[in-house]
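Below is one structure, written out as structure tokens, with a few remarks after it.
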Amino acid sequence: MNGKEDGFKKFVTQYKKDDVIYKKGDDQVHFFIINKGKVHIKVEESDTILVALTKGDFFGEESLNEGQPAAYTVEVVEDSDIIKIPYNDLTDMMKKNTAISLKILKKLSEKSLKMLEHTLNMTKTVAAPKKKVVKPTAAAVEEEESEPLDEDVKAYLVIKRSNRIVQLTKKHTYLGRRDYTTGFIPDVDLTKEDEEKYISRKHSKISYIDEKFYVSEEPGAVNGTFLNGTKLATGVKHDLKNEDEITLCHLDIVFKY
């Protein structure tokens, strides 16, 4: 939809952090596209976050069903510029441009799958018998995460967009985009390659366990992580082999080992 940006300018609305765009049960007659910033889709009763949405994501699909109230509460977590399109204008755009319709369907499908996955995980957590869990200290977690690879283990990532080569030096390596607000910088910082800002701060992780490499998508990541074209479920480790291609949303990375 980049070519249609001018047509959307009149619909851009600015929101501040902590603004509530709408609450569950409100009349919902607008469709929203995030141009800049971040929002949380929440279950109002429990304040549970179902999904985090950033630039390029959509919400407000209830407006496509006339008379349907808002199903969720939407809260702004970063100052945001959001395109707020009335129902009638949206349907006109979709009729005139099938590419817009297809992109909306694809994005809504991705969001629905993430929300379903989160709901299923919550159900499993509630159903599981409670066990006493001894949480590791922050220092212990940090020490484990920063444990170096043995010197004889040579593995690299080739970021295809820039042809940058990064050697893996730790047993747990985070890939993502830096957060200028908190100061967080992932082990493999893809900020410069991710010009569209589609990649999450902690998007995915490469782990070295029992002399094998694995890749997994981190909780809260949006826009998907793919291994050789197959979308990964959040938190599930997958074997990595030489020449495998990891894709973070739109950014292709080749694993060399």
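The numbers in the numbering used here rise by one with no breaks, and the one at position 158 of the sequence shown is 169. Note that CB positions come from ideal geometry on N, CA and C, so glycine has one too. Bear in mind that the values here come from a model prediction, so they are computed numbers and not experimental data.
Length of the line joining the Cα atoms of residue i and residue j
i	j	result
A81	V199	39 Å
I93	K35	19 Å
V226	D255	11 Å
K252	Y167	11 Å
R188	L116	26 Å
I52	P197	25 Å
S112	L262	24 Å
K165	G240	25 Å
E16	F22	Residue confidence is low: E16 scores 49 on pLDDT, short of 50, so the model does not pin down where it sits. Its coordinate-derived value is still stated next. Distance between the alpha carbons of E16 and F22 is about 10 Å.
E158	I220	12 Å
L201	D30	29 Å
E204	K106	34 Å
K181	L160	5 Å
F237	C260	8 Å
G67	Y209	7 Å
N174	E206	15 Å
E162	T245	30 Å
V169	D37	48 Å
D103	F224	49 Å
S91	L119	20 Å
Y83	E222	44 Å
Cβ neighbour criterion (16 or more within 10 Å) applied to residue i
i	result
V247	exposed
N234	buried
P230	exposed
I176	exposed
K171	exposed
D58	exposed
S211	buried
Y191	exposed
Q25	exposed
G78	exposed
G194	exposed
Q178	exposed
T109	exposed
D250	exposed
E228	buried
K213	buried
Identified DSSP bridge partners for residue i
i	result
E69	As written in the sequence, residue 69 is Phe, which differs from the Glu given in the question. Answer is I44, bridged to F69.
L168	V177 and F266
P80	D38
E89	K49
D200	G187
A63	H51
K95	F43
H249	V226
I217	T184 and V226
I257	L238 and I264
T24	I93
V31	E86
Supposed close pair residue i, residue j - CB separation, criterion 8 Å
i	j	result
V87	K47	The Cβ separation is near 11 Å, so there is no contact.
V54	L61	6 Å
K216	T258	With a Cβ gap of about 15 Å, K216 and T258 do not count as contacting.
F19	F42	F19 to F42, Cβ: 11 Å. No contact.
E89	Q39	That belief does not hold up - the Cβ atoms of E89 and Q39 are roughly 22 Å apart, past 8 Å.
I45	L64	6 Å
Residue i CB to nearest heavy atom of the ligand FMN below 6 Å
i	result
H41	Ligands are entirely absent from the displayed structure, and the ligand FMN is therefore not among its contents.
Would you be able to state if there are at least three C-beta pairs under 8 Å between the segment 98-108 and the segment 255-267? no
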